[in-house]
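Residue numbers (the UniProt record's numbering): 1 to 220. Have a look at the structure below before the remarks.
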Amino acid sequence: MTGELNLEADCAEVASHVLEQFGGVDILVNNAGGFAASGRPDSTAESFNRPWLETPWDDWRWTYEQNVGSTVRLIQALAPGMIERGWGRIINISSASATQTEPDLADYQPAKAAITNLTSGLAKSLSGTGVTVNAVTPGTIATEGVRAGFVEWARQLGWSELDWPTIERRFTSEVIPQPTKHFGRPEDIGRMVVFLASPQASYMTGSNYRVDGGQCRSIN
(Lines of atoms letter the chains of each structure in order from A and count residues from 1; the text may use other names and numbers.)
(Lines give C-alpha, C1' and ligand atoms only; values in the text may rest on other atoms or scores of the structure.)
Protein backbone atom coordinates (compact mmCIF):
# COMPACT_ATOMS: atom_id res chain seq x y z
CA MET A 1 0.00 0.00 0.00
CA THR A 2 1.45 3.36 -0.99
CA GLY A 3 0.26 6.90 -0.50
CA GLU A 4 1.30 10.54 -0.34
CA LEU A 5 1.64 10.75 3.42
CA ASN A 6 1.77 14.55 3.42
CA LEU A 7 -1.92 14.42 2.44
CA GLU A 8 -4.50 13.80 5.15
CA ALA A 9 -6.72 11.67 2.91
CA ASP A 10 -3.85 9.40 1.87
CA CYS A 11 -2.75 8.90 5.49
CA ALA A 12 -6.27 7.85 6.39
CA GLU A 13 -6.46 5.50 3.41
CA VAL A 14 -3.14 3.84 4.21
CA ALA A 15 -4.09 3.33 7.86
CA SER A 16 -7.53 2.00 6.96
CA HIS A 17 -6.10 -0.43 4.41
CA VAL A 18 -3.50 -1.77 6.85
CA LEU A 19 -6.06 -2.24 9.62
CA GLU A 20 -8.42 -4.01 7.24
CA GLN A 21 -5.72 -6.31 5.88
CA PHE A 22 -3.91 -7.17 9.11
CA GLY A 23 -6.32 -6.30 11.89
CA GLY A 24 -3.79 -4.08 13.63
CA VAL A 25 -0.22 -2.87 13.76
CA ASP A 26 2.31 -3.81 16.43
CA ILE A 27 5.22 -1.69 15.20
CA LEU A 28 4.98 1.73 13.56
CA VAL A 29 8.10 3.31 12.09
CA ASN A 30 7.48 6.89 10.99
CA ASN A 31 10.13 7.29 8.32
CA ALA A 32 8.36 9.52 5.80
CA GLY A 33 10.51 12.63 5.70
CA GLY A 34 12.33 15.05 3.50
CA PHE A 35 11.99 18.71 2.74
CA ALA A 36 10.14 20.60 0.06
CA ALA A 37 13.19 21.57 -2.00
CA SER A 38 13.91 17.89 -2.68
CA GLY A 39 10.49 16.30 -2.32
CA ARG A 40 7.89 18.49 -3.98
CA PRO A 41 7.07 17.55 -7.58
CA ASP A 42 7.81 21.10 -8.73
CA SER A 43 11.15 21.38 -6.90
CA THR A 44 14.32 22.15 -8.83
CA ALA A 45 18.04 21.77 -8.17
CA GLU A 46 18.26 25.52 -7.61
CA SER A 47 15.94 25.29 -4.60
CA PHE A 48 18.36 23.01 -2.72
CA ASN A 49 20.04 24.90 0.16
CA ARG A 50 17.80 27.90 -0.38
CA PRO A 51 18.53 30.71 2.14
CA TRP A 52 16.23 31.01 5.16
CA LEU A 53 14.48 34.21 4.07
CA GLU A 54 13.98 32.86 0.56
CA THR A 55 12.16 29.72 1.73
CA PRO A 56 8.49 30.28 0.81
CA TRP A 57 5.63 29.46 3.15
CA ASP A 58 4.43 26.72 0.79
CA ASP A 59 7.72 24.92 1.43
CA TRP A 60 7.24 25.22 5.18
CA ARG A 61 3.73 23.84 4.90
CA TRP A 62 4.77 20.91 2.66
CA THR A 63 7.70 19.96 4.91
CA TYR A 64 5.62 20.05 8.09
CA GLU A 65 2.88 17.97 6.52
CA GLN A 66 5.45 15.47 5.23
CA ASN A 67 7.27 15.07 8.53
CA VAL A 68 5.01 16.09 11.41
CA GLY A 69 1.59 15.68 9.80
CA SER A 70 2.20 12.14 8.58
CA THR A 71 3.67 11.10 11.93
CA VAL A 72 0.81 12.48 14.01
CA ARG A 73 -1.92 11.12 11.74
CA LEU A 74 -0.53 7.60 11.61
CA ILE A 75 0.01 7.53 15.36
CA GLN A 76 -3.56 8.69 15.96
CA ALA A 77 -4.87 6.00 13.62
CA LEU A 78 -2.73 3.06 14.73
CA ALA A 79 -1.76 3.59 18.38
CA PRO A 80 -5.25 2.88 19.80
CA GLY A 81 -5.01 -0.72 18.61
CA MET A 82 -1.61 -1.11 20.25
CA ILE A 83 -3.03 0.20 23.52
CA GLU A 84 -5.96 -2.20 23.30
CA ARG A 85 -3.61 -5.17 22.83
CA GLY A 86 -1.23 -3.97 25.55
CA TRP A 87 1.90 -3.96 23.39
CA GLY A 88 3.38 -1.78 20.69
CA ARG A 89 6.38 0.07 19.38
CA ILE A 90 6.35 3.55 17.85
CA ILE A 91 9.66 4.64 16.38
CA ASN A 92 9.96 8.13 14.92
CA ILE A 93 12.83 9.08 12.64
CA SER A 94 14.17 12.52 13.51
CA SER A 95 17.39 14.09 12.23
CA ALA A 96 20.65 15.62 13.42
CA SER A 97 19.24 18.82 11.90
CA ALA A 98 16.79 19.00 14.81
CA THR A 99 19.56 20.23 17.10
CA GLN A 100 22.49 21.07 14.82
CA THR A 101 21.04 23.99 12.91
CA GLU A 102 22.48 25.54 9.77
CA PRO A 103 21.62 28.75 7.87
CA ASP A 104 19.64 26.81 5.25
CA LEU A 105 17.04 24.00 5.41
CA ALA A 106 14.83 26.48 7.24
CA ASP A 107 11.68 24.38 6.89
CA TYR A 108 13.28 20.99 7.60
CA GLN A 109 15.16 21.66 10.83
CA PRO A 110 12.20 22.77 12.99
CA ALA A 111 10.01 20.02 11.54
CA LYS A 112 12.48 17.41 12.75
CA ALA A 113 12.79 19.16 16.12
CA ALA A 114 9.04 18.72 16.46
CA ILE A 115 9.43 14.97 15.86
CA THR A 116 11.95 14.66 18.70
CA ASN A 117 9.76 16.71 21.02
CA LEU A 118 6.49 14.89 20.33
CA THR A 119 8.24 11.56 20.92
CA SER A 120 8.91 12.47 24.55
CA GLY A 121 5.42 13.79 25.18
CA LEU A 122 3.71 10.81 23.57
CA ALA A 123 5.79 8.35 25.60
CA LYS A 124 4.54 10.00 28.80
CA SER A 125 0.98 10.01 27.49
CA LEU A 126 1.16 6.25 26.83
CA SER A 127 2.66 5.43 30.22
CA GLY A 128 1.58 2.02 31.48
CA THR A 129 0.01 0.90 28.20
CA GLY A 130 2.78 -1.44 27.05
CA VAL A 131 3.51 0.86 24.10
CA THR A 132 6.96 2.44 23.92
CA VAL A 133 7.82 5.51 21.88
CA ASN A 134 11.35 6.40 20.84
CA ALA A 135 13.12 8.52 18.25
CA VAL A 136 16.15 7.73 16.15
CA THR A 137 18.29 10.65 15.03
CA PRO A 138 20.32 9.86 11.93
CA GLY A 139 23.21 11.95 10.80
CA THR A 140 23.71 12.34 7.07
CA ILE A 141 22.67 9.09 5.40
CA ALA A 142 23.93 8.47 1.88
CA THR A 143 20.69 7.51 0.18
CA GLU A 144 20.32 7.95 -3.55
CA GLY A 145 18.46 11.23 -3.08
CA VAL A 146 20.99 12.59 -0.60
CA ARG A 147 23.85 11.77 -2.93
CA ALA A 148 22.17 13.64 -5.76
CA GLY A 149 21.66 16.63 -3.48
CA PHE A 150 25.29 16.65 -2.42
CA VAL A 151 26.46 16.50 -6.02
CA GLU A 152 24.43 19.64 -6.72
CA TRP A 153 25.77 21.26 -3.55
CA ALA A 154 29.33 20.45 -4.64
CA ARG A 155 28.62 22.13 -7.98
CA GLN A 156 27.39 25.22 -6.15
CA LEU A 157 30.61 25.22 -4.13
CA GLY A 158 32.60 25.15 -7.36
CA TRP A 159 34.18 21.74 -6.83
CA SER A 160 35.56 20.17 -9.99
CA GLU A 161 35.64 16.51 -8.87
CA LEU A 162 32.06 15.29 -8.56
CA ASP A 163 32.51 11.54 -8.05
CA TRP A 164 30.86 10.29 -4.87
CA PRO A 165 33.98 9.07 -2.98
CA THR A 166 35.60 12.50 -3.40
CA ILE A 167 32.42 14.35 -2.45
CA GLU A 168 31.91 12.19 0.65
CA ARG A 169 35.52 12.60 1.75
CA ARG A 170 35.53 16.37 1.28
CA PHE A 171 32.15 17.00 2.88
CA THR A 172 32.93 14.92 5.97
CA SER A 173 36.26 16.71 6.36
CA GLU A 174 35.52 20.27 5.25
CA VAL A 175 31.77 20.98 5.35
CA ILE A 176 30.07 18.56 7.77
CA PRO A 177 33.00 17.32 9.88
CA GLN A 178 32.52 14.00 11.63
CA PRO A 179 34.90 11.53 13.26
CA THR A 180 33.96 8.59 11.03
CA LYS A 181 34.97 10.49 7.86
CA HIS A 182 32.08 8.92 5.97
CA PHE A 183 28.33 9.31 5.90
CA GLY A 184 25.96 6.68 7.22
CA ARG A 185 24.16 4.04 5.20
CA PRO A 186 20.46 3.11 5.49
CA GLU A 187 21.31 -0.18 7.19
CA ASP A 188 22.96 1.75 10.05
CA ILE A 189 19.59 3.23 10.91
CA GLY A 190 17.79 -0.03 10.22
CA ARG A 191 19.76 -1.88 12.87
CA MET A 192 18.82 0.64 15.55
CA VAL A 193 15.16 0.54 14.52
CA VAL A 194 15.12 -3.27 14.68
CA PHE A 195 16.55 -3.17 18.20
CA LEU A 196 14.04 -0.57 19.44
CA ALA A 197 11.21 -2.64 17.95
CA SER A 198 12.32 -5.77 19.79
CA PRO A 199 11.37 -7.07 23.26
CA GLN A 200 14.95 -6.31 24.34
CA ALA A 201 14.08 -2.59 24.28
CA SER A 202 11.12 -2.85 26.67
CA TYR A 203 12.77 -0.55 29.25
CA MET A 204 13.47 2.20 26.72
CA THR A 205 10.85 4.84 25.98
CA GLY A 206 10.68 8.59 25.48
CA SER A 207 14.30 8.66 24.35
CA ASN A 208 16.20 9.87 21.32
CA TYR A 209 19.00 7.67 19.96
CA ARG A 210 21.65 9.25 17.77
CA VAL A 211 23.14 7.26 14.91
CA ASP A 212 25.17 10.04 13.37
CA GLY A 213 28.84 9.11 13.14
CA GLY A 214 29.61 11.76 15.75
CA GLN A 215 28.13 14.50 13.56
CA CYS A 216 26.19 16.16 16.40
CA ARG A 217 28.40 18.43 18.46
CA SER A 218 26.41 18.12 21.69
CA ILE A 219 26.19 15.23 24.15
CA ASN A 220 22.39 14.98 23.82
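For every residue, glycine included, the Cβ atom is placed at its ideal position computed from N, Cα and C.
Opposing strand residues paired with residue i [DSSP bridges]
| i | result |
| --- | --- |
| Y108 | According to DSSP, Y108 bridges with nothing at all. |
Three-way DSSP call (helix, strand, coil) for residue i in this model
| i | result |
| --- | --- |
| P28 | According to the sequence provided, residue 28 is Leu. The question's Pro does not apply to it. Three-state DSSP puts L28 in a strand. |
| T166 | helix |
| E210 | Note on residue identity: the sequence assigns Arg, not Glu, to residue 210. Reduced to three states, the DSSP call for R210 is strand. |
| G184 | strand |
| P51 | strand |
| G34 | coil |
| Q215 | coil |
| N67 | helix |
| M204 | coil |
| W62 | helix |
| P199 | helix |
| E4 | coil |
| S160 | coil |
| Q21 | helix |
| Q178 | coil |
| P56 | coil |
Contact belief for residue i with residue j at Cβ below 8 Å, rounded distance in angstroms
| i | j | result |
| --- | --- | --- |
| P110 | V211 | In fact, because the Cβ distance is near 21 Å, the residues do not count as touching under 8 Å. |
| G33 | Q76 | In fact, because the Cβ distance is near 18 Å, the residues do not count as touching under 8 Å. |
| R85 | G24 | 7 Å |
| W62 | N6 | 6 Å |
| A106 | W57 | About 11 Å; that fails the 8 Å criterion. |
| I115 | V175 | So it is not a contact: roughly 24 Å between Cβ atoms. |
| G213 | T166 | Incorrect: roughly 18 Å between the Cβ atoms, too far for contact. |
| G206 | V133 | 6 Å |
| Q215 | T140 | 7 Å |
| G3 | V18 | That belief does not hold up - the Cβ atoms of G3 and V18 are roughly 11 Å apart, past 8 Å. |
| T55 | N30 | Not confirmed; about 23 Å, so no contact. |
Residue i vs residue j beta-carbon contact at 9 Å
| i | j | result |
| --- | --- | --- |
| A154 | S94 | no |
| N208 | S120 | yes |
| K112 | A98 | yes |
| R89 | L28 | yes |
| residue 241 | A79 | Only positions 1 to 220 of the chain appear in the structure, and residue 241 is not among them; the question remains open. |
| E168 | A148 | no |
| D59 | A36 | yes |
| Q100 | R217 | yes |
| F171 | F150 | yes |
| I83 | T129 | yes |
| W87 | D26 | yes |
Any non-hydrogen atom of the ligand PLP within 8 Å of residue i CB
| i | result |
| --- | --- |
| I167 | The ligand PLP is not part of the structure shown, which contains no ligands of any sort. |
What beta strand (DSSP E) runs, 3 residues minimum, are completely inside the region 86–144? 88–93, 131–138
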